[in-house]
Every structure is written in structure tokens, then in C-alpha cells.
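Please read the structure below before turning to the comments.
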Amino acid sequence: MDVSPDHRPYGAGAAAKREVARVTAAGAWVADGRVMGVLAVSRAFGDSEFKAGRAQFLLDGTASGYWPANMAAGRVLTSPPVIATPDVSEVELLEGDDFLILASDGLWDCTSSAQSVAFVRAELARNGRDATLAAQALADNAVGKRRGQDNVAAIIVLLQ
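Residue numbering for the sequence shown follows my numbering, beginning at -17 and increasing consecutively.
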């Protein structure tokens, strides 16, 4: 079961539409499914340039060629277009729930939730239920075999 939506400014889903609305309400724009044509996620721990010094950020982005001057002209970023604020949800754990996968977008870019669950389940069975080894194997699989192009971080939380 997916317990949180992707925080990406593209797609037809309700979560994507909320993220696009939040980004544009901040005074920024979404181009080619990316915040200001640059970042593929709209919530992140890093990417501090999207969070502070907002007036200077528009000028620096234009000077660096990240976007054309006409995209930034006359814009005022009233709040950060990328935030670290998480979606918080409560999910009732059921007796058969075995583990939780927490991972960065780099993992989800190259594998589905179902594929990741099957991989972790097999890895836990193979390694004696060592969550650390399973998380490392999942990340290695994403970067190595699945050719993930982004940073990949994964944590496995055993529930039983």
C-alpha cells in the first residue's frame, strides 16, 4: 500500500494538481513537469536555493541560464516554491503488515512500490530479516540493475 503520494509537479492525479497549485501560488511556475523547469520534485530536504533568498534566486537562475529572463520578469516569489514540509497521514497497521519502505524519489523513479515490496520481501527472507542489508540491496538494485539516475536512499522499518 502506498502511504504517501509523490510530491511531483506533473501528472493527472490529485496530489500532482495540489503541488502545481502550491508552486504557482508561491509565484513560481511549472515547466516540463519541473518546478521552474529545473527540479522534478516540489518537496525536498535539500535544494536550499529554492527555499531562501527568493528575489535573488530569480535573478541568479536567469543569469545561469536555468530559465529565460521573460519567465522571471515581473515575478515575485511570495513563498518558497519547494518546501520540506511533509504530508502526514495516519495508517492503521494490520496484523499481517510486515515492513515499511521509506525512500527518496531516486528509488521510485526506477521501480514501482510493488516491485520494491517483492524485492525487499525476498531479500529479508534471504538474509535472515536484516533490514539494513535489505535497504542496501534495494538501493544497490535501483542504482546498478535498474540504472537509477538520481540519488537513492532507502530505509526498511520492520513492523513485526
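We put the CB at the ideal spot given by N, CA and C, even for glycine.
Burial state of residue i, where buried means 16 or more other Cβ atoms lie within 10 Å
i             : result
alanine 121   : buried
glutamate 105 : buried
glycine 110   : exposed
serine 46     : exposed
threonine 93  : buried
glutamate 74  : exposed
proline 1     : What sits at residue 1 in the sequence shown is glutamate, not proline. Label assigned to glutamate 1: buried.
aspartate -12 : buried
proline 50    : exposed
arginine 4    : buried
Reference residue i, options the options, closest by Cα
i                : options                       : result
phenylalanine 39 : Gly28, Lys(-1), Ala10, Leu106 : Ala10
leucine 59       : Ala45, Ala34, Val73, Glu77    : Ala34
arginine -10     : Phe81, Trp90, Ala107, Leu41   : Trp90
alanine 117      : Leu76, Leu84, Gln97           : Leu84
arginine 128     : Glu77, Ser98, Arg103          : Ser98
proline 62       : Gly78, Ala(-2), Gly19, Phe32  : Phe32
alanine -2       : Ala8, Val23, Gly19, Met(-17)  : Val23
glutamine 131    : Arg108, Gly88, Leu76, Ala107  : Gly88
Cβ separation of residue i and residue j, assumed to be a contact under 8 Å, to the nearest whole Å
i              : j           : result
glycine 15     : tyrosine -8 : 3 Å
alanine 124    : valine 134  : 5 Å
isoleucine 138 : alanine 113 : 4 Å
leucine 141    : leucine 82  : 6 Å
valine -15     : serine 71   : 6 Å
alanine 54     : glycine 43  : 7 Å
DSSP bridge partner residues for residue i (one or two, in chain order)
i           : result
arginine 25 : Ile65
leucine 82  : Val139
alanine 13  : Arg16
Specify whether the region 59 to 68 and the region 16 to 27 touch according to this definition: at least 3 beta carbon pairs, one from each stretch, less than 8 Å apart.
-> yes
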